Structures are given as structure tokens and as C-alpha cells.
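Below is one structure, written out as C-alpha cells; the observations come after it.
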Amino acid sequence: MTAATSPRPLDGITVVSFEHAIAAPFCTRQLADMGARVIKIERPGVGDFARNYDERVHGLASHFVWTNRSKESLTLDLKHPAARDVLERLLAQADVLVQNLAPGAAARQGLSFDALHADHPSLIVCDISGYGEGGPYQNKKAYDLLIQSESGFVSVTGSPDAPAKAGCSISDIAAGMYAYSGILNALLLRQKTGKGSRVDVSMLESTVEWMGYPMYYAFDGAPPPARAGAAHATIYPYGPFPVGDGGTIMLGLQNEREWQVFCAQVLGQAALAGDERFSSNSQRNANREALRAYIVDAFAKMTLGEVAEKLETAGIANASVNDMAGVWAHPQLRARDRWREVGSPKGSLPALLPPGSNNAFEPRMDAVPDVGQHTDAVLASLGYGVAEVSKLHAEGAV
3 MTAATSPRPL DGITVVSFEH AIAAPFCTRQ LADMGARVIK IERPGVGDFA
53 RNYDERVHGL ASHFVWTNRS KESLTLDLKH PAARDVLERL LAQADVLVQN
103 LAPGAAARQG LSFDALHADH PSLIVCDISG YGEGGPYQNK KAYDLLIQSE
153 SGFVSVTGSP DAPAKAGCSI SDIAAGMYAY SGILNALLLR QKTGKGSRVD
203 VSMLESTVEW MGYPMYYAFD GAPPPARAGA AHATIYPYGP FPVGDGGTIM
253 LGLQNEREWQ VFCAQVLGQA ALAGDERFSS NSQRNANREA LRAYIVDAFA
303 KMTLGEVAEK LETAGIANAS VNDMAGVWAH PQLRARDRWR EVGSPKGSLP
353 ALLPPGSNNA FEPRMDAVPD VGQHTDAVLA SLGYGVAEVS KLHAEGAV
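Numbering follows my numbering, in which position 196 of the sequence shown is assigned residue number 198; successive positions increment by one, without gaps.
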């Protein structure tokens with residue numbers, strides 16, 4: 003048996019997800035990557051509103067393509083009386099229910115863990131929200147940028163003149179990752195107890211966890227890290243520097259041995275390592291403008307390739323400042339064969355293999371679904387006959 007034909011960790015696990023936007027879809031896509039059957043519940047005729055964020059991928063939305071491969075799309079109007087029977091049949095087969103509906107919406111639909119546990123004792127319920135259950139912010143609407151702001155992330159990101167958000171949806175991603183790992187934990191726990199449990203994931207708490215370093219740096223009223231653009235706020239030199247041909251090199255020094263080698267072999271100024279202004283990271287950070295002048299002056303006499311070669315020879319960490327085209331064409335991703343093709347309503351698309359490869363199996367890399375593409379097949383698998391399916395369509399329940 004090869005990795006391509008070997009079982010995956012979540013084969014046989016069924017996930018029903020009432021999801022939209024990014025956090026829950028990112029969570030459930032990762033469950034699907036590991037073999038789970040993910041049935042995505044969407045609004046009839048409309049679908050997940052993230053389908054309409056943009057049209058950048060052959061007419062499909064970039065966020066949606068990224069977070070929704072390998073799923074089955076079932077359209078269902080939760081407000082229609084006939085939807086309850088469909089739900090009950092789904093939940094009878096499900097191992098996990100995931101939802102990131104508006105605050106309180108799932109509970110109003112009878113989809114809370116407390117409402118479901120008696121009839122479905124082995125069901126795991128994962129609730130993803132902006133602020134979590136309880137507290138004064140429980141019912142407050144939340145989107146990624148707003149949570150980046152509430153969590154303090156925006157306050158330490160950007161330039162000295164203006165704060166900035168991250169260039170991707172980090173709060174959604176953080177919540178999706180913790181929901182994914184939380185569900186895996188709940189599945190392991192169920193193996194021991196036979197019982198389902200509730201996973202409560204807050205976007206705020208997920209992002210604040212990631213803010214541990216700046217929070218402790220500002221512990222007990224100390225000043226927070228200064229906003230430093232693409233440079234590190236408290237380690238120097240660690241960030242972007244211009245070079246003579248107009249390019250930019252990203253480099254990072256982590257210890258005193260590297261600092262001495264950098265001065266001698268890259269800057270050609272070994273004596274600079276003994277300058278009291280730069281004798282420790284704290285000193286270099288305090289005098290970063292003076293040190294930056296030395297570095298920029300030395301790099302101005304070299305091309306990007308020459309600077310990179312000197313840094314590599316000296317064993318100093320460095321990187322290219324890639325744009326998205328550069329990442330698509332990254333030689334390391336290509337050399338490690340990290341790209342696959344997945345289907346979509348608009349044809350085949352490239353997709354990155356999930357990080358964390360396992361030599362015992364290959365992740366599932368199936369198509370991105372169209373709205374309601376699997377409605378009839380899912381209903382048939384639940385025992386609905388052709389006439390019953392037609393009636394559900396005619397009544398607008400699906």
C-alpha cells in the first residue's frame with residue numbers, strides 16, 4: 003500500500019458546517035484535507051457570501067477558493083419547516099458540527115451543544131465567534147480587521163506614523179487553526195469517553211494568544227514595542243535594507259557571534275563590532291538609525307545578488323522580499339513538489355499541499371464546489387427519494 007492509497011486520519015468522520023467567510027471554512031477545509039467528509043450548508047441561490055468577495059480566480063473569489071476545496075455543498079433554508087427533518091437526518095450521521103453564524107443564530111436554530119447533546123451524545127459541536135460566549139462582548143459583531151484592532155495587533159503593526167493591519171486575515175486564520183486543533187482534541191477525547199463535547203473558539207482569544215510577546219514586552223506598564231514597519235521592533239539589524247541596484251534584502255541577526263561575522267565579512271568593517279553603541283542587541287536597537295546608516299552605505303556599493311552571496315557565505319540569515327508572483331514561482335515550493343491541481347466550477351486550479359506532510363498518507367485535494375452542487379446527492383444519501391427531493395426544491399427548502 004502506498005501513501006496515495008493509504009487511509010487518512012479522518013476517513014469516516016462526517017462534518018456538518020454552517021459556515022461563512024473564513025474562520026470556519028478554513029477549519030473545515032483542513033478537516034477535509036485529512037479525509038473528513040465535510041458537508042457545507044449554504045443558503046439556497048446565494049451560498050456563502052465569501053463567494054462574492056471578488057472574481058480574481060477565473061471569476062471565483064480568492065478567499066473562497068482557498069478555504070473550500072474538498073467539500074460537498076448542500077443548500078438548505080434553515081427557516082423552512084422542512085429543513086428540520088433534513089437537519090435531523092444529517093446530525094444522526096454526523097460526528098462534528100461546526101458553525102460561525104451570527105451571535106446567537108445557531109442557538110435560535112436549536113443547534114447549540116446543550117440542545118443537541120441529549121439526542122446526539124457523541125456529536126462534537128464547535129462554535130466559532132468573535133468574542134466567545136459570555137461577557138459584555140458576546141453579541142458584538144466581529145470581523146477580522148475589527149479583531150486585529152481589539153486584540154492589540156494593529157497597535158504594534160505598521161510604521162511609526164500609522165498603525166496597519168496584517169495583509170491577510172490573521173484573526174480568522176488563528177480562530178480557524180484553534181478550531182481545527184480543538185476538534186481533533188475532541189475526537190481524541192471521544193475515543194476515551196464515548197461522548198461528544200463542545201469546542202468554543204473566540205477570534206479575540208485566538209489572536210491575543212498570538213500577541214504574547216508584545217504583551218509581555220509591555221508587562222506591568224512598560225512601553226510596548228514600537229511600530230517598525232517591516233523591521234523587527236526589538237531586534238536589530240532584523241528587517242529590510244536597500245541595495246545598490248534598487249532592490250531590497252531582508253536579513254536578520256540573532257546573536258553576538260553573527261554580529262561580529264556580519265561586521266567583518268559582509269560590511270568589511272570588523273572594528274564596528276566593538277563600537278559601544280552596538281555592543282549588544284539592546285544597544286543596537288537603541289541606536290538603530292546610526293547602525294542603519296553604516297549598513298545602507300555598505301549595501302549601496304553592491305547589487306542584490308552580491309549582498310545575498312556575502313550574507314550566505316557569512317552564514318547570516320536572509321531572504322528575498324517576494325511579491326505574490328514570486329511566491330507562486332518560488333523555487334523551493336517547486337523543488338519540493340508542493341503544488342497540486344484541484345477542480346472548481348471554473349476548471350482546474352493550483353493548490354498548495356497542506357503543511358505538515360505525513361509519509362503514511364496523502365492529503366485529500368478535491369474540487370472547490372459550486373453552490374448546491376451536492377444537494378441532491380446528499381439528500382439521496384439521507385434516504386430522500388426522487389419525488390421528495392423534487393418537492394424540497396419546489397418548496398424552496400433546498
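Note that beta-carbon positions come from the ideal geometry of N, C-alpha and C, so glycine has one too.
Predicted model, so just to flag it, every value in this text is computed and none were measured.
In the three-state DSSP reduction, A164 falls in the strand class (E or B). Sequence-distant Cβ neighbours of F66 in its own chain, meaning closer than 6 Å and more than five residues away, are A52, R53.
Counting other Cβ atoms within 10 Å of its Cβ, A181 reaches 16 or more and is therefore classed as buried.
For T77, the closest alpha carbon among the candidates D50, G387, E390 is that of D50. Here the stretch 308-325 makes no contact with the stretch 281-290; the two share fewer than three CB pairs at distances below 8 Å. In the three-state scheme derived from DSSP, where H, G and I count as helix and E and B as strand, N320 is classed as strand.
A63 and S8 have their C-alpha atoms some 33 Å from each other. Out of P138, A85, G132, Y133, the CA that lies nearest to the CA of G112 is found in A85. Across the set D56, G276, M36, E343, the C-alpha of G276 shows the shortest separation from the C-alpha of L293.
When DSSP states are grouped into helix, strand and coil, I24 belongs to the coil group.
Partner residues in the beta bridge of D202, as assigned by DSSP, are D129. In the DSSP annotation of this structure, the continuous segment of the beta strand (DSSP E) that includes Y240 starts and ends at 240-244. When DSSP reads this structure, L354 sits in a beta bridge with W341. P333 and D97 have their C-alpha atoms roughly 40 Å apart. For the pair of segments examined, the stretch 333-345 was found to touch the stretch 355-372: the number of CB pairs separated by less than 8 Å reaches three.
G241 sits close to H234, with the two beta carbons spaced by under 9 Å.
In this structure, DSSP gives V59 an extended state, which the three-state scheme calls strand.
Leaving aside the five residues that flank Q32 on each side, the residues in its chain whose CB is nearer than 6 Å to its CB run, in chain order, Y182.
When C-alpha distances from S383 are compared across Y55, S173, V88, the shortest belongs to V88. Exclusion of the five residues before and after L274 leaves C265 as the residues of its chain whose Cβ lies within less than 6 Å of its Cβ.
Beta-bridge annotation (DSSP): V98 is paired with V17, I126. Non-local beta-carbon contacts of L191 in its own chain, meaning distances under 7 Å to residues more than five positions away in sequence, involve S199 in chain order.
At the C-beta level, V17 and V100 come within 9 Å of one another.
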